[in-house]
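Note sheet for the following structure.
2 protein chains.
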Amino acid sequence: MPARTTRSPLLSITLDRHGAASLQEQLYDRIREAILNGRLKPGSRLPASRVLASELGVSRNTILGGFERLHSEGYIEGHMGAATQVSMVLPEDLLSARNRAAVHSHDTIPAGKISNLSERMGGFASHRADNSGRAFRPSLPDLREFPFQLWSRTIAKFWRNPPPDLLTSGDYAGYPPLRRSIAGYLGAVRGLNCTPEQIIITSGAQQALDLIARTVVDPGNDVWVENPGYDGLSSTLVAAGATLHHIPVDEQGLSVKYGCKVAPDAVLAAVTPSHQYPLGITMSLARRLELLDWATRQRAWILEDDYDSEFRYGGKPLSALQGLDKTAQVIYVGTFSKVLFPALRLGYMVVPDALIEPVLRLRRAIDDYPALALQPALHSFIDGGQFAAHIRRLRGLYARRQSVLVEALQNSSHGLLSAQPSEAGMHLIASLAPELGLSDVEASIRAARVGLVAQPLSGFYGAGGVKTEGLVLGYAGLNEREIEQNVKLLLTAMLAKN
Amino acid sequence: MPARTTRSPLLSITLDRHGAASLQEQLYDRIREAILNGRLKPGSRLPASRVLASELGVSRNTILGGFERLHSEGYIEGHMGAATQVSMVLPEDLLSARNRAAVHSHDTIPAGKISNLSERMGGFASHRADNSGRAFRPSLPDLREFPFQLWSRTIAKFWRNPPPDLLTSGDYAGYPPLRRSIAGYLGAVRGLNCTPEQIIITSGAQQALDLIARTVVDPGNDVWVENPGYDGLSSTLVAAGATLHHIPVDEQGLSVKYGCKVAPDAVLAAVTPSHQYPLGITMSLARRLELLDWATRQRAWILEDDYDSEFRYGGKPLSALQGLDKTAQVIYVGTFSKVLFPALRLGYMVVPDALIEPVLRLRRAIDDYPALALQPALHSFIDGGQFAAHIRRLRGLYARRQSVLVEALQNSSHGLLSAQPSEAGMHLIASLAPELGLSDVEASIRAARVGLVAQPLSGFYGAGGVKTEGLVLGYAGLNEREIEQNVKLLLTAMLAKN
Chain W
239 MPARTTRSPL
249 LSITLDRHGA
259 ASLQEQLYDR
269 IREAILNGRL
279 KPGSRLPASR
289 VLASELGVSR
299 NTILGGFERL
309 HSEGYIEGHM
319 GAATQVSMVL
329 PEDLLSARNR
339 AAVHSHDTIP
349 AGKISNLSER
359 MGGFASHRAD
369 NSGRAFRPSL
379 PDLREFPFQL
389 WSRTIAKFWR
399 NPPPDLLTSG
409 DYAGYPPLRR
419 SIAGYLGAVR
429 GLNCTPEQII
439 ITSGAQQALD
449 LIARTVVDPG
459 NDVWVENPGY
469 DGLSSTLVAA
479 GATLHHIPVD
489 EQGLSVKYGC
499 KVAPDAVLAA
509 VTPSHQYPLG
519 ITMSLARRLE
529 LLDWATRQRA
539 WILEDDYDSE
549 FRYGGKPLSA
559 LQGLDKTAQV
569 IYVGTFSKVL
579 FPALRLGYMV
589 VPDALIEPVL
599 RLRRAIDDYP
609 ALALQPALHS
619 FIDGGQFAAH
629 IRRLRGLYAR
639 RQSVLVEALQ
649 NSSHGLLSAQ
659 PSEAGMHLIA
669 SLAPELGLSD
679 VEASIRAARV
689 GLVAQPLSGF
699 YGAGGVKTEG
709 LVLGYAGLNE
719 REIEQNVKLL
729 LTAMLAKN
Chain B
239 MPARTTRSPL
249 LSITLDRHGA
259 ASLQEQLYDR
269 IREAILNGRL
279 KPGSRLPASR
289 VLASELGVSR
299 NTILGGFERL
309 HSEGYIEGHM
319 GAATQVSMVL
329 PEDLLSARNR
339 AAVHSHDTIP
349 AGKISNLSER
359 MGGFASHRAD
369 NSGRAFRPSL
379 PDLREFPFQL
389 WSRTIAKFWR
399 NPPPDLLTSG
409 DYAGYPPLRR
419 SIAGYLGAVR
429 GLNCTPEQII
439 ITSGAQQALD
449 LIARTVVDPG
459 NDVWVENPGY
469 DGLSSTLVAA
479 GATLHHIPVD
489 EQGLSVKYGC
499 KVAPDAVLAA
509 VTPSHQYPLG
519 ITMSLARRLE
529 LLDWATRQRA
539 WILEDDYDSE
549 FRYGGKPLSA
559 LQGLDKTAQV
569 IYVGTFSKVL
579 FPALRLGYMV
589 VPDALIEPVL
599 RLRRAIDDYP
609 ALALQPALHS
619 FIDGGQFAAH
629 IRRLRGLYAR
639 RQSVLVEALQ
649 NSSHGLLSAQ
659 PSEAGMHLIA
669 SLAPELGLSD
679 VEASIRAARV
689 GLVAQPLSGF
699 YGAGGVKTEG
709 LVLGYAGLNE
719 REIEQNVKLL
729 LTAMLAKN
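Line order of the protein sequences matches chains W and B.
Per this note's numbering, the first sequence starts with residue 239, numbered consecutively.
Per this note's numbering, the second sequence starts with residue 239, numbered consecutively.
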């Protein structure tokens with residue numbers, strides 16, 4: 239029996255013979271990733287197709303097919319065969335936020351062993367666009383609206399004279415007064431049913447995902463993720479050894495039926511019921527009950543990622559899935575990155591009672607307890623009412639900005655780009671008219687050439703299957719004038735002669 | 239073939255049939271842990287020995303032997319058999335920093351699956367004493383000496399007007415100016431050979447340990463740890479699936495010969511060469527070269543935990559092991575918890591070039607990037623010279639405090655407790671004279687009764703093998719008068735009629 243995976247040391251890519259996607263598709267995905275994250279640099283030569291075919295133990299047609307697609311999308315250039323190289327014209331701006339260090343270390347061979355986990359993560363270099371363009375990065379708040387004077391006074395007040403006990407040790411679950419504030423807020427605003435003891439403060443939502451994954455998933459366990467979905471969640475689950483199943487999202491949310499068909503024994507289903515990322519769908523009540531019912535029957539966990547629920551502009555707000563959970567199977571994750579700012583790195587999770595101890599004993603081992611740093615200031619901010627006032631203010635601003643984006647697309651694109659309004663969130667999906675003759679990846683590359691970040695929707699899908707195309711356009715961080723100007727710029731880029 | 243591990247659901251403990259320690263010893267260790275961390279509460283009944291023997295599939299003599307030892311050390315009381323219970327007189331103060339949440343959740347049954355990793359961590363509940371006593375907690379800095387006015391001004395200055403780009407994204411390795419400061423400091427003061435690109439800021443040293451463990455250790459890989467050593471390191475390695483080998487420390491440091499005998503194929507050796515924790519030994523140059531030579535031959539990694547190197551009072555300071563490393567196999571870990579304060583939760587590691595990318599891609603998946611929070615203030619503190627001035631000042635203070643502790647033990651204990659001076663660190667090991675007639679665990683319990691933290695040295699050893707007894711006495715956080723007073727209190731407790 240051949241090994242399940244096959245690896246090319248020349249390209250540092252690994253294919254999975256039993257994967258859901260075809261080998262050709264996997265080859266395409268891996269090479270595209272390596273180009274986007276900068277591991278394969280513009281102008282660097284790819285191995286000859288027959289060399290690669292022999293190295294990977296696949297047919298040469300598989301290689302040529304993958305190359306053909308990369309070629310047609312502009313990632314590689316040159317004739318098929320020995321002279322194929324990574325495109326020189328690939329705009330630098332589309333390359334991800336790789337840092338000098340990673341580039342610096344690229345050619346070094348480790349002196350000792352690297353874990354299989356680390357090798358697995360090789361496919362997950364970040365696709366995150368770099369910092370240079372603010373328009374139209376999704377999930378980016380408008381920092382010009384943040385009350386920094388008040389914030390710095392609150393921080394300084396605490397740090398002038400902090401209680402010594404707080405400096406020498408900490409609660410593994412985080413600063414208790416902040417946990418009380420969060421429990422109060424979630425109960426009142428999001429309909430959660432929780433005590434402060436169930437709140438665990440984390441270093442952004444990302445650490446919450448890691449703690450959950452390692453507490454409930456064993457290597458090889460099946461896990462459901464949404465398709466399309468958030469790459470940052472998938473990488474965390476893969477780091478815990480999960481076998482991911484990309485479950486399609488329909489107009490009601492994640493398809494529980496599909497999940498039951500392909501992976502009935504999943505131990506965890508990760509969902510974004512309030513505002514599906516990135517499609518923006520709100521999971522219907524019927525689907526929520528169906529999901530909870532599945533979890534109860536299967537004794538599985540549900541991870542509810544409520545990443546931007548603060549920004550709901552219309553419609554009847556559905557309370558969190560966690561509030562419907564009668565069997566203590568929902569683990570709720572929230573973040574302050576969207577309302578305040580991402581570099582705050584403060585998130586939280588709400589775990590069922592029975593998970594508190596397992597999560598905290600892992601936490602002790604992996605980072606002890608969260609930094610005191612800005613927790614007391616955030617607590618004051620919430621309890622003093624400034625947090626709620628800030629959300630209300632942003633909600634009004636962002637709602638108007640969304641309308642401005644929808645109208646600007648309508649008014650200036652002559653139907654080439656169009657977006658439906660959404661009842662929530664910080665981004666919209668713009669559809670590309672067929673007349674444009676551009677794939678979403680091509681459109682994204684063109685946008686990057688003029689300094690715009692317009693992530694291709696197809697990039698949010700797992701390998702294989704049908705992918706809807708579109709551009710993910712964040713609007714929250716831009717004022718109305720900036721939105722109008724940048725929509726014009728985007729259209730110019732789409733229509734430019736290449 | 240029987241399963242490798244056997245588990246008692248009644249007591250929630252797991253024994254390893256192939257473990258280095260005997261089953262009786264493991265039983266003793268697990269129950270003692272459960273009592274110390276509060277999982278087994280004072281007065282709670284233990285299962286009858288014959289029930290437990292049948293549940294675990296071991297002989298009743300094994301159970302009785304373990305109970306006997308727990309009984310003789312005061313952990314349990316009552317007659318052997320059905321009436322055995324956890325001692326009521328076990329002082330609350332010795333119980334670890336468990337929180338309400340953990341207690342609250344103790345009796346709940348999880349609705350879904352818990353990972354094997356999480357189950358494994360069950361044996362690693364923290365032994366950390368709670369906050370109530372400052373004397374003689376090890377590694378506790380004197381916060382009365384910290385310049386909070388200056389600190390809060392530095393923090394507020396940054397947060398009044400932070401550069402927006404810093405708030406919306408971050409370098410996966412941490413705030414670049416801080417990394418430059420640290421690289422400069424380590425090169426000048428600790429003889430490290432590193433660039434800023436090799437510095438990765440972490441949430442305390444603990445997160446560095448987790449990142450290293452997951453990047454270079456696969457489940458089942460052998461790893462050397464020092465015996466005695468730091469429990470917090472062992473727990474992190476176990477969380478990564480490592481098979482730990484407790485390697486004895488002799489007067490020159492970790493015994494490389496012993497390691498080669500019991501686990502020649504180890505992928506990682508974790509050491510504290512500057513100031514062995516907790517024994518205080520400085521690893522000799524000959525032993526350092528022997529360890530590096532082994533790593534080169536074996537292509538293994540060395541984790542150098544330089545947890546309190548800032549406090550060296552005499553002798554010729556040996557530069558870090560990392561500075562001697564010619565083959566890029568040493569991973570250096572440092573922390574600001576000791577010089578500044580633990581709740582800062584800022585540590586760092588210095589990794590060989592070839593590990594930068596593997597560590598950072600894991601970091602992205604498990605917590606994205608470190609919080610900006612206090613990194614800019616710390617950077618200003620180091621570059622402005624306040625950090626070095628603070629260390630110089632503390633070094634003078636702590637050196638005097640160590641002398642005061644040695645003398646106070648000499649003058650007031652009549653030889654019952656004695657400690658040798660050490661050239662470095664924030665704690666000493668006090669030996670117990672045989673005339674006292676107390677084990678170090680008993681002595682520690684007596685100390686806790688009067689509100690003192692005096693951790694038993696035997697608790698720092700892996701199961702099995704010879705354990706040296708003694709009390710670990712931290713002195714850095716106490717002024718001279720407090721040291722003298724608390725030494726008197728400690729002696730009174732030792733001599734009290736029980």
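Just so you know, even glycine gets a beta-carbon here, dropped at the ideal spot from N, CA and C.
Spell out the partners DSSP gives residue i in its beta bridges.
| i | result |
| --- | --- |
| residue 493 (chain W) | According to DSSP, residue 493 (chain W) bridges with nothing at all. |
| residue 482 (chain W) | W:461 |
| residue 315 (chain B) | B:323 |
| residue 565 (chain B) | Answer is none; residue 565 (chain B) lacks a bridge partner. |
| residue 284 (chain W) | Answer is none; residue 284 (chain W) lacks a bridge partner. |
In the structure shown, what three-state DSSP assignment does residue i receive?
| i | result |
| --- | --- |
| residue 672 (chain B) | helix |
| residue 534 (chain W) | helix |
| residue 710 (chain B) | strand |
| residue 513 (chain W) | coil |
| residue 340 (chain W) | Per-residue confidence for residue 340 (chain W) stands at a pLDDT of 37, beneath the threshold of 50, marking its modelled position as unreliable; the derived number appears in the next sentence. Residue 340 (chain W): helix per DSSP, three-state reduction. |
| residue 694 (chain W) | strand |
| residue 597 (chain W) | helix |
| residue 440 (chain B) | strand |
| residue 688 (chain W) | coil |
Assuming residue i is part of the beta strand (DSSP E), what are its boundary residues?
| i | result |
| --- | --- |
| residue 459 (chain B) | From DSSP, residue 459 (chain B) is part of no beta strand (DSSP E); its letter is neither H nor E. |
| residue 585 (chain B) | 585-588 |
| residue 542 (chain B) | 539-543 |
| residue 254 (chain W) | 251-254 |
| residue 655 (chain W) | 655-657 |
8 Å is my cut-off, CB to CB: does residue i come that close to chain W?
| i | result |
| --- | --- |
| residue 505 (chain B) | yes |
| residue 664 (chain B) | no |
| residue 428 (chain B) | no |
| residue 351 (chain B) | yes |
| residue 462 (chain B) | no |
| residue 452 (chain B) | yes |
Cβ of residue i less than 8 Å from any chain B Cβ?
| i | result |
| --- | --- |
| residue 649 (chain W) | no |
| residue 567 (chain W) | yes |
| residue 691 (chain W) | no |
| residue 481 (chain W) | no |
| residue 587 (chain W) | no |
Quick one: residues in its chain with C-beta nearer than 8 Å to the C-beta of residue i, no 5 flanking neighbours on either side, listed in chain order?
| i | result |
| --- | --- |
| residue 594 (chain W) | 411, 435, 436, 438 |
| residue 279 (chain W) | 324 |
| residue 566 (chain W) | 590, 591, 592 |
| residue 496 (chain W) | 485, 486 |
| residue 268 (chain W) | 249, 251, 252, 253, 361 |
| residue 377 (chain B) | 545, 546, 575, 576, 580, 664, 665, 712, 714 |
Under 6 Å Cβ to Cβ from residue i, same chain only, skipping five residues before and after it: list those, please.
| i | result |
| --- | --- |
| residue 512 (chain W) | 544, 547 |
| residue 734 (chain B) | none |
Which residue marks the beginning of the alpha helix (DSSP H) containing residue i, and which one marks its end?
| i | result |
| --- | --- |
| residue 572 (chain W) | Where residue 572 (chain W) is concerned, there is no enclosing alpha helix (DSSP H), although the beta strand (DSSP E) it sits in stretches over 568-573. |
| residue 650 (chain W) | 624-651 |
| residue 730 (chain W) | 718-733 |
| residue 420 (chain B) | 414-428 |
Enumerate in chain order the residues of its own chain whose CB-to-CB distance from residue i is below 7 Å, with the five nearest sequence positions on each side excluded.
| i | result |
| --- | --- |
| residue 501 (chain B) | 460, 462, 483 |
| residue 429 (chain B) | 557, 558, 561 |
| residue 723 (chain B) | none |
| residue 563 (chain W) | 530 |
At a cut-off of 7 Å, would you count residue i as near the ligand ADP, judging by its Cβ distance to the nearest heavy atom?
| i | result |
| --- | --- |
| residue 536 (chain B) | Annotation note on the ligand ADP: not contained in the displayed structure, which lists no ligands. |
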